[in-house]
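Report on the following structure.
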Amino acid sequence: MSILFSVSISKRFWRVWQRNFTVYQKIWKISFVPPLFEPLFYLLAFGLGLGALVGNLTYQGAPVSYLSFIAPALIAVNIMNNSFFENTYASFVRMYHQKTFDAMLATPLSIEEIITGEIIWGATKSVIGTVIMLAVISLFGLIHYPSGLLIIPLAFLGGIAFGALGMYFTGITPTIDMFNLPIFLFITPMFLFSGTFFPIENLPAWAQTVALFLPLTHLVKLVRSLSFGAIYPALLWSAAYLLLFFLVFFPLALIKMRRRLIK
Amino acid sequence: MQYIIEAEGLTKKFDGFTAVDGINFHVFAGECFGILGPNGAGKTTTVRMVYGFSPKTAGTLNVFGLDIEKDWRSIKSRIGVCQQENSLDPDLSVEQNLLVFARYFDIPSGRAREKAQQLLHFISLDNRRSAKVTELSGGMMRRMILARSLINDPDLLILDEPTTGLDPQARHQLWQRLEELKAGGLTILLTTHYMDEAARLCDRLVIIDHGKILVAGKPLDLIREHVGHNVIEIDDPAESLRAYVKSLGLEYEDLGHRLIIYGQGKDELFHEIGDRYCTGGCILRMATLEDVFLKLTGRELKE
Numbered sequence: 001m002s003i004l005f006s007v008s009i010s011k012r013f014w015r016v017w018q019r020n021f022t023v024y025q026k027i028w029k030i031s032f033v034p035p036l037f038e039p040l041f042y043l044l045a046f047g048l049g050l051g052a053l054v055g056n057l058t059y060q061g062a063p064v065s066y067l068s069f070i071a072p073a074l075i076a077v078n079i080m081n082n083s084f085f086e087n088t089y090a091s092f093v094r095m096y097h098q099k100t101f102d103a104m105l106a107t108p109l110s111i112e113e114i115i116t117g118e119i120i121w122g123a124t125k126s127v128i129g130t131v132i133m134l135a136v137i138s139l140f141g142l143i144h145y146p147s148g149l150l151i152i153p154l155a156f157l158g159g160i161a162f163g164a165l166g167m168y169f170t171g172i173t174p175t176i177d178m179f180n181l182p183i184f185l186f187i188t189p190m191f192l193f194s195g196t197f198f199p200i201e202n203l204p205a206w207a208q209t210v211a212l213f214l215p216l217t218h219l220v221k222l223v224r225s226l227s228f229g230a231i232y233p234a235l236l237w238s239a240a241y242l243l244l245f246f247l248v249f250f251p252l253a254l255i256k257m258r259r260r261l262i263k
Numbered sequence: 264m265q266y267i268i269e270a271e272g273l274t275k276k277f278d279g280f281t282a283v284d285g286i287n288f289h290v291f292a293g294e295c296f297g298i299l300g301p302n303g304a305g306k307t308t309t310v311r312m313v314y315g316f317s318p319k320t321a322g323t324l325n326v327f328g329l330d331i332e333k334d335w336r337s338i339k340s341r342i343g344v345c346q347q348e349n350s351l352d353p354d355l356s357v358e359q360n361l362l363v364f365a366r367y368f369d370i371p372s373g374r375a376r377e378k379a380q381q382l383l384h385f386i387s388l389d390n391r392r393s394a395k396v397t398e399l400s401g402g403m404m405r406r407m408i409l410a411r412s413l414i415n416d417p418d419l420l421i422l423d424e425p426t427t428g429l430d431p432q433a434r435h436q437l438w439q440r441l442e443e444l445k446a447g448g449l450t451i452l453l454t455t456h457y458m459d460e461a462a463r464l465c466d467r468l469v470i471i472d473h474g475k476i477l478v479a480g481k482p483l484d485l486i487r488e489h490v491g492h493n494v495i496e497i498d499d500p501a502e503s504l505r506a507y508v509k510s511l512g513l514e515y516e517d518l519g520h521r522l523i524i525y526g527q528g529k530d531e532l533f534h535e536i537g538d539r540y541c542t543g544g545c546i547l548r549m550a551t552l553e554d555v556f557l558k559l560t561g562r563e564l565k566e
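Sequence lines, in order, name chains A and B.
Going by the working numbering, the first sequence runs without a break in its numbering and finishes at 263.
Going by the working numbering, the second sequence runs without a break in its numbering and finishes at 566.
Written as structure tokens, this is what we have:
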């Protein structure tokens, strides 16, 4: 298929972001609830329940409580889920069921601007969720400041990385039910094996290597280090990996969505 | 003379299937131009190319004298489109649908608010501005889609089967609005498979089938040229009538249980047939665009 309209992204993509924000403003009271209560549930179940069995563990040579170990991971998982689910299920509904993108394509917006706006919006939801969770978790004294504030821009970086991945799947999935597959194959294993609930050092050597390729591993590492106030240069590699992940999947998402919608 | 739309050899192929097969047409400023055809004839594909949704495979296509491939953004900013499928935003209220759409065109919010107010009045929905669009009836939704397509004060309005699925009241409501817009000088490109709609709204039209233009012209001229003034329809024609019609050398169509005779000034012939051959239903009526359409595109099912 010929690429007719050359790839063009102007600042007009904000119009797409604004559309989603306008909808969000109508339902923000409900949208606020999950990031408010989810960390409380997890902290209660894993931190107090499981933590009583686990006791303290050693992270980077220092003993930490299980509660302070998993709290940052919950933020990282939330960053992943917010943007990934926004750019899979929610974007798919807008594209396929509501014909929102079709309507936008009859205006001066390009397909690239629509997709960019959607991904930036997904990342925005990651940031909103992160701010709320940070506030809740900080009440338990589990976040070190001011380094903890860096988790907010980090949420945006993680958001665009997982959002671009989600949008790529939206570009290729035939029906909404098929999202079960990437979730089963990528999201669930990442949720479990990215150093979230236990240090990846506990995994066999080969699995540790595999885990290093998972973007969530790097996001968890970053959030945890910032929460502990332990900042060191090697963290930049983890941030660079997330950026690379975005830079690979963003153009792929644009190509797949153009193929899907422009006929 | 500058055309609003200028299509030469316009072609669209999908994986070897030719949906639009090298068509030529021009649309003048201020006219309503119709593209008629059965389902699958290539109507929607054609207008999608005009409003910059689908890239063309071959040919040239200029809108407002600009090349759609190069100047798509400035062309799209001057077009209003009513797509065939309902693409109103169900997450937003009636008024928000207009305001959010205005932002896609970079219309400042004060101006958008004013315009939305004016348009809601135009489509008689001013008292439903905060309703959810999902609460609207089919006719109201269609009017909303029309209002939304006018938010940018377009120089060209494109309507893809605007009244499909509407009841007669809702259709007439919409036609009235379109006639008002036409009277205001707006150029309209319309696709439809309703002949009464085309006859009422279109100044000129083309009938297409299998991606090719069969005829082009003004509705009345097309009727006169291809069918004549009147049509006689006879139910369950007798063999003797068939022979009689054949002997007169009239232009007719034999559908088995129904005979359709085309031509001019049939009063005498009609009385003749009525007196001598008519056993059941026999009518003399004005020729319509539908006669032209069926004659040219055939009577068999298209899908």
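Don't be surprised by glycine CBs; every beta carbon is placed ideally from N, CA and C.
The structure presented is a predicted model; accordingly, all values stated were derived computationally and were not measured.
To the nearest angstrom, how far is it from the Cα of K256 of chain A to the Cα of I132 of chain A? Taking the first residue of the first sequence as 1, we reach residue 256 of chain A at position 256. Taking the first residue of the first sequence as 1, we reach residue 132 of chain A at position 132. Whole-angstrom Cα-Cα distance: 33 Å.
If you measure from the beta carbon of Y314 of chain B to each beta carbon in chain A, is any gap under 8 Å? Position 51 of the second sequence holds residue 314 of chain B. Chain A, which has a Cβ nearer than 8 Å to the Cβ of Y314 of chain B, makes this yes.
8 Å contact criterion, which G297 of chain B and C465 of chain B should meet: CB distance rounded: For this step, residue 297 of chain B is matched to residue 34 along the second sequence. For this step, residue 465 of chain B is matched to residue 202 along the second sequence. Correct: roughly 4 Å between the Cβ atoms.
Spatial neighbours of F197 of chain A in its chain, beta-carbon cut-off 8 Å, leaving aside the 5 residues before and after: Residue 197 of chain A sits at position 197 when you count from the first residue of the first sequence. These residues qualify, in order along the chain: F46, I70 and A73.
If you reduce the DSSP assignment to three classes, tell me which class F184 of chain A lands in. As a first step, residue 184 of chain A must be located in the first sequence, where it is residue number 184. In this structure, F184 of chain A counts as helix in the three-state DSSP scheme.
Name, going along the chain, the residues of the region 361 to 394 of chain B whose beta-carbon falls closer than 9 Å to a beta-carbon of chain A. L362, V363, F364, R366, Y367, F368 and D369
Does the region 181 to 189 of chain A come close enough to the region 104 to 114 of chain A that 3 or more CB-CB pairs lie under 8 Å? no
Bridge partners - L441 of chain B, DSSP secondary structure assignment: Start at 1 with the first residue of the second sequence, and residue 441 of chain B comes out as number 178. According to DSSP, which records beta bridges pairwise, L441 of chain B is partnered with nothing at all.
Nearest residue (CA-CA) to S126 of chain A, options A:F140, A:I137, A:L154 and A:Y42: As a first step, residue 126 of chain A is located in the first sequence; it is residue number 126 there, counting from the start. If we check each option's Cα against that of S126 of chain A, A:L154 comes out closest.
Just by C-beta distance, which residues in the region 19 to 37 of chain A are closer than 8 Å to chain B? R19, T22, V23 and K26
In terms of alpha-carbon separation, which member of B:D538, B:V490 and B:K558 lies closest to A567 of chain B? This structure gives no information on residue 567 of chain B, because the portion of chain B shown stretches from 264 to 566.
Residue from A:F249, A:A123 and A:I79 with nearest C-alpha to P39 of chain A: Along the first sequence, one-based indexing puts residue 39 of chain A at 39. The option with the nearest alpha carbon to P39 of chain A is A:I79.
Which residues of the region 86 to 108 of chain A have a Cβ closer than 7 Å to any Cβ of chain B? Give them in chain order. Q98, K99, T100, D102, A103, M104, L105, A106, T107 and P108
Given a threshold of 16 other Cβ atoms within 10 Å of its Cβ, counted over all protein chains shown, does R539 of chain B qualify as buried or as exposed? Translated into positions along the second sequence, residue 539 of chain B becomes position 276. R539 of chain B should be labelled exposed.
Under 8 Å by Cβ, that's how I've got T308 of chain B and K333 of chain B pegged, so tell me the actual separation to the nearest angstrom. Translated into the one-based positions of the second sequence, residue 308 of chain B becomes position 45. Translated into the one-based positions of the second sequence, residue 333 of chain B becomes position 70. Between K333 of chain B and T308 of chain B the Cβ distance is about 21 Å, and since that is not below 8 Å, they are no contact.
Identify the continuous beta strand (DSSP E) that holds M404 of chain B and give its terminal residues. Locating residue 404 of chain B in the second sequence gives position 141, counting from the first residue. Unbroken run through M404 of chain B is the alpha helix (DSSP H), G401 to S412; no beta strand (DSSP E).
Using a beta-carbon distance cut-off of less than 7 Å, what residues from the region 329 to 344 of chain B approach chain A? E332, W335, R336, K339, S340 and V344
For P204 of chain A and V16 of chain A, what's the separation of their Cα atoms in angstroms? Taking the first sequence and counting its residues from 1, the one referred to as residue 204 of chain A is at position 204. Taking the first sequence and counting its residues from 1, the one referred to as residue 16 of chain A is at position 16. Answer to the nearest angstrom: the Cα atoms are 45 Å apart.
Which residue comes first and which comes last in the beta strand (DSSP E) that contains H289 of chain B? Translated into positions along the second sequence, residue 289 of chain B becomes position 26. Residues F280 to V290.
Going along the chain, which residues of its own chain have a beta-carbon closer than 7 Å to the beta-carbon of P182 of chain A, five neighbours each way excluded? Position 182 of the first sequence, counted from the start, is the residue given in the question as residue 182 of chain A. So the list reads F169, once near-sequence residues are dropped.
Reduced DSSP secondary structure (H/G/I, E/B, other) of D330 of chain B: If you number the second sequence from 1, residue 330 of chain B lands on position 67. Reduced to three states, the DSSP call for D330 of chain B is strand.
Assign Q346 of chain B to buried or exposed, taking buried as 16 or more other Cβ atoms, counted over all protein chains shown, within 10 Å of its Cβ. Within the second sequence, residue 346 of chain B is the residue found at index 83, counting from 1. Buried.
Supposed contact pair L522 of chain B and I497 of chain B - C-beta distance, whole angstroms, cut 8 Å: The sequence position of residue 497 of chain B within the second sequence is 234, counting from 1. The sequence position of residue 522 of chain B within the second sequence is 259, counting from 1. Indeed, because the Cβ distance is near 5 Å, the residues count as touching under 8 Å.
According to DSSP, S147 of chain A sits in a beta bridge with which residue or residues? Here residue 147 of chain A refers to the residue found at position 147 when the first sequence is read from its first residue. DSSP output for S147 of chain A lists no bridge partner at all.
What span of residues does the beta strand (DSSP E) with Y540 of chain B cover, start to end? For this step, residue 540 of chain B is matched to residue 277 along the second sequence. Looking at the DSSP string, Y540 of chain B is not in any beta strand (DSSP E), and its letter there is neither H nor E.
F316 of chain B, enclosing beta strand (DSSP E) - first and last residue: Here residue 316 of chain B is taken as the residue at index 53 of the second sequence, counted from 1. Where F316 of chain B is concerned, there is no enclosing beta strand (DSSP E), given that its DSSP letter is neither H nor E.
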